[in-house]
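Asks: Encoded as structure tokens, here's the structure I'll be asking about.
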Amino acid sequence: MKVKSERPRVLVVDDYPDAREMYAEYLQYSGFDVIEAGNGIEALERAADSAPDIILMDLSLPVMDGWEATRRLKADKATADIPIVALTGHALAGILEGAKNAGCDAFITKPCLPEDLVKEIQKVLSAATPSTTRTRRSGKYAKTNG
Amino acid sequence: MGQAAAALGDDQLLAAKVRLLEAFVSRSDITDCTQYALQWLAEVLGLSPSLCLLRPEGEEALFTVGAHGLPGTAASRFIASLEDWSSPLVTAFSNREHAFFRSAHTAAERKRRPSTPFEDSAFHVVPLLAAELHHDAFGLLLIGGGGALPSELRWFTALFAQKLAQVLRQQALMEGDRKQGRERSLLYNIINAVTDPILLTDTEGRLLIANQRALTLFTASEEESEGRRGAVRMNNMLLSSALSSKAIEETGAARRELLLVNPADGSDLVFELLSAITDDPRQGSGVVSILRNVTDLRRASEEIEENYRRLRIAEVQARAESDRLNLIIDSVADPIVVTDASGATSLMNEPAERLFTVPVRASALEQRWVQANDAHFSSFIAGMLVSADQRRVGEIALIDPKLGEPLPVEAIAGKIVSDHGELTAVVTILHDRREALEKGKLYEQLKGASDELERRIQAATSDIAHQNELLRRQAIELEQASALKSQFLANMSHEFRTPLNAMLGYTSMLLQGVAGPLDSSAKRHLSRVESNGRHLLTIINEILDISRIEAGRMPLQVSRFDVPELVAEVRSELEPIIMRSKLAITVHLPKDVPQLVSDRQKVKQILLNLLSNSLKFTHQGRITVSATRNARDRTMSLSVSDTGIGIAPSDQAKIFEDFRQLDNSPTRAYGGTGLGLSICRRLAQMLDGSISVQSQVGKGSMFTLVLPIRGRK
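Protein sequences appear in the order of chains A and B.
Reminder that position 122 of the first sequence reads as 109 in this note's numbering, one-by-one numbering, no gaps.
Throughout, this note's numbering is defined as the position within the second sequence, counted from one, plus 24.
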């Protein structure tokens, strides 16, 4: 696990397996290294041990919700620099604000087609200030055909 | 005796006689004279013992005035009563005769002779006679001895008697003078004791006699003050003039008033002058005046007069007051009756008289009414008198005596109490209650009607309140239901979208060949799955929007943006549909179209909706998007007009309602939730704008969104 692939690594956090696996499959198809988590606690563990380049965070999660997980990730120096894209089916007012307050870098409303999700992730990654380690792999983003 | 006389010579006898005469001349006292005379008689004529008896003026007895040669006091105390007519002494005295009594030796002899100091010895009785012949004897000389009396005794007796008579006369004169003096002094004392001035004046007014009080008024010595003397002079003048005029005018007693000055202090004194003319044959006519001080009396009388005058004034005032009061009482239209403490009527005004007095030529019926009124009123007053109330208000059922109609009155009675707390009167005012009762009746009716009205209004009000309450509850319930519905819809749309998300995602991935290449038929089928999925998503999104708006969870995100850019964005988003529709889309934007300050996302949503509607309902022709600035009210109009099927006027209002699509049939030609225009209308309202439609069936429609250029944040 220490030897990372050149592909940017995405941590997909979603409790709904169909959605999570769909996005994971399409992200892998689009050239990303994907790891998955089903709740907030798992997300924290994966983020700690897998060092993802970006996290796709569903907000409505069991055990620990996405807002709390986001706050903890942003509070931890080791994970604070990882961009987090919030993903939610709740489009009601307040959700967006809550996500931003929690530390999310971007916000995507479900339903979201896989190709649109990939576009958003690429946008966030390119906008993020690349760290030294990430500069090393910044040039190796796999271009999807979508 | 004869011998003794003989013993003296003639010269001696004469000398003795001269001595006797001298002694008589020099003596004026009877006892003195008698004692000398009896002494002389013994010495010169040798006649002794002797006794001299005299009858004082007015006495019926002879008293011893002198004795000689008789031992003891018995002789000097001897008295012979003249009333004892049988006594030989009395007989001698009355008869003015000499008498001789022999010495007695037997009891019979003693019986015949009077009892004298000579006892049984012989004695002579010689009467003492006054010069005038007709006068009685005034005394007796008794001389002891049995012999004859010498002739010289006659001379002696005459002389002695004459002397005694003279002395007695003198004594009587002196006695008279003393008596007169005493009486005069008594008189003076009496008149001085009188406090009223008394004076006697002669006919010329000169003061003859005055008592002490009069002297202080009418006399003054030279030593007294000038003021006092002046006062006295004036008093004299006043008195003289009063008396002179009196004396001339009238005779006898007269009364008149005399004003004098008090010399002591100069104050005025008023006297009543009583004067009477006296006629004295010796003194002549005079005037006796008695002055009675009536100053105090006058003052008192004046005071009484003054008091009386005041009383009269007070009486006049009281009468005037009473008249005024009567006038007032009479002018009051309400009957007023004043009763005294016993309940008797003391005063009543004219209206009261009509009720309580029997008029002249009253009918029997009228009299009875009046009597009935009187009885009712008396009973009211009696109740008032026995009660402790100061005021009493009651109702009395009287009768109008003229008409015989019932006259209910309200009686207001008040007690009038004197300063001593004594009830002096009761004043009662009667007030006709008929009008009040009539009014009361009307008022009752009115009140009844009013109460009924109020009751009805209250019923209606409570009904309305009840309805309102129901409505309010319903509103709350509806609100709650609506909120629940919104929440439910929000939740459901989320729940819908989660699987839809996966469906659309996998469809998209299949179509992209993620799972390997597909044949054309499979691609076509997957495309249908995708388009229906998208449609379902649109419906879900619209439902979600409505829910959010209704739940108030659609916040405004106001920003400044360019309209042309927005229109281009909308157009590009709908490009695939535009391409398919083969309609000509024209955009007319003026060059100076201003930037809008509003919620860009919502304006875009409205325009998207309007344009997609036009595309949906227009089969041929053109669609024009235009913007117009309305400078007057600082608004901008964004219009989308088409040459589509159009909307009938009767339906134009309905299209903005929720879930409304004009064709509700299950086989309707056009898809959609029917929420699009409803959402547009709500969004426009949120942006302080409005949305309207102009349309003609078969010709096309024009939807216009009007927004403020500078929306509020």
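Idealized CB from N, CA, C, for every residue including glycine.
This one's a predicted model, so the numbers in the text were calculated from it and none came from an experiment.
(1) For I669 of chain B, collect the residues of the same chain with a Cβ closer than 6 Å to its Cβ; drop the 5 residues on either side in sequence, then sort them by chain order.
(2) Among the residues of its own chain, which have a CB less than 8 Å from the CB of A131 of chain B, if the five just before and after it don't count?
(3) Which residues, in chain order, does the region 521 to 541 of chain B contribute to contact with chain A at a C-beta distance below 7 Å?
(4) For the beta strand (DSSP E) containing D20 of chain A, list its first residue and its last residue.
(5) Use the C-beta contact count for L528 of chain B: other C-beta atoms within 10 angstroms, 16 or more gives buried, fewer gives exposed.
(6) Which residues share a DSSP beta bridge with F117 of chain B?
(7) Can you tell me whether DSSP reads D220 of chain B as helix, strand or coil?
(8) From D2 of chain A to D586 of chain B, what distance separates their C-alpha atoms?
(9) Please identify the residue among B:L78, B:D666, B:G169, B:I103 whose C-alpha is closest to the C-alpha of A191 of chain B.
(10) Does any residue of chain B bring its CB to less than 8 Å from the CB of A73 of chain A?
(11) Would a check of beta-carbon distances place L580 of chain B closer than 8 Å to chain A?
(12) What span of residues does the alpha helix (DSSP H) with G557 of chain B cover, start to end?
(13) Going residue by residue through the region 27 to 115 of chain B, where are the continuous alpha helix (DSSP H) segments of at least 4 residues, counting only ones entirely within it?
(14) Please state whether the Cβ-Cβ distance between G367 of chain B and A396 of chain B is less than 8 Å.
(15) Could you confirm whether any beta carbon from chain B is found closer than 8 Å to the beta carbon of Y3 of chain A?
(16) Do the CB positions of E23 of chain A and A34 of chain A come within less than 8 Å of each other?
(17) Does any C-beta atom of chain B lie closer than 8 Å to the C-beta of K61 of chain A?
(18) Distance check for L31 of chain A and V(-3) of chain A, CA to CA, integer angstroms please.
(19) For the beta strand (DSSP E) that R134 of chain B lies in, which residues bound it at each end?
(20) Name, going along the chain, the residues of the region 623 to 645 of chain B whose beta-carbon falls closer than 7 Å to a beta-carbon of chain A.
(21) Compile a chain-ordered list of the residues in the region 94 to 105 of chain A whose CB is closer than 8 Å to at least one CB of chain B.
(22) My output table needs one value for M372 of chain B: the three-state DSSP class, helix, strand or coil.
(23) Can you look up E429 of chain B in the DSSP assignment and give me helix, strand or coil?
(24) Starting from the Cα of L43 of chain A, find the closest Cα among A:N88, A:E8, A:E(-7) and give me that residue.
(25) Is the CB of L561 of chain B under 8 Å away from at least one CB in chain A?
(26) Please decide whether H549 of chain B counts as near chain A, where near means a Cβ-Cβ distance under 8 Å.
(27) As an exercise, report each continuous beta strand (DSSP E) stretch of at least 3 residues that is fully enclosed by the region 285 to 348 of chain B, in chain order.
(28) Beta-carbon separation of V433 of chain B and R457 of chain B under 8 Å?
(29) Tell me, to the nearest whole angstrom, how far the beta carbon of L188 of chain B is from that of C57 of chain B; I am working on the premise that it is less than 8 Å.
(30) Quick check on G529 of chain B: does DSSP put it in helix, strand or coil?
(31) Mapping DSSP to helix, strand and coil, what is S442 of chain B?
(32) In chain B, which residues lie less than 8 Å from M9 of chain A when you measure between Cβ atoms?
(33) Check whether the Cβ atoms of S104 of chain B and L94 of chain B sit closer than 8 Å, and answer yes or no.
(34) Rounding to the nearest angstrom, what Cα-Cα distance links Q581 of chain B and K626 of chain B in this structure?
(35) Using beta carbons (cut-off 8 Å, strictly below), is A6 of chain A in contact with chain B?
(36) Can you check whether the CB of P287 of chain B is closer than 8 Å to the CB of T225 of chain B?
Replies: On the basis of the supplied data:
(1) F641
(2) none
(3) R521, T522, L524, N525, A526, L528, G529, Y530, S532, M533, Q536, V538
(4) 20 to 24
(5) buried
(6) Paired residues: none, contrary to the question.
(7) coil
(8) 41 Å
(9) First, the residue type needs correcting, since residue 191 of chain B is Val and not Ala in the sequence shown. If we check each option's Cα against that of V191 of chain B, B:L78 comes out closest.
(10) no
(11) no
(12) 544 to 574
(13) 34 to 50, 54 to 64
(14) no
(15) yes
(16) no
(17) no
(18) 13 Å
(19) No beta strand (DSSP E) holds R134 of chain B; the alpha helix (DSSP H) holding it covers 131 to 136.
(20) none
(21) K97, P98, C99, L100, P101, E102
(22) strand
(23) strand
(24) A:E8
(25) yes
(26) no
(27) 292 to 304, 308 to 317
(28) yes
(29) 7 Å
(30) helix
(31) coil
(32) A526, G529, Y530, M533
(33) For clarity, residue 104 of chain B is Ala in the given sequence; the question names Ser instead. Result no, Cβ atoms of A104 of chain B and L94 of chain B do not sit closer than 8 Å.
(34) 9 Å
(35) yes
(36) no
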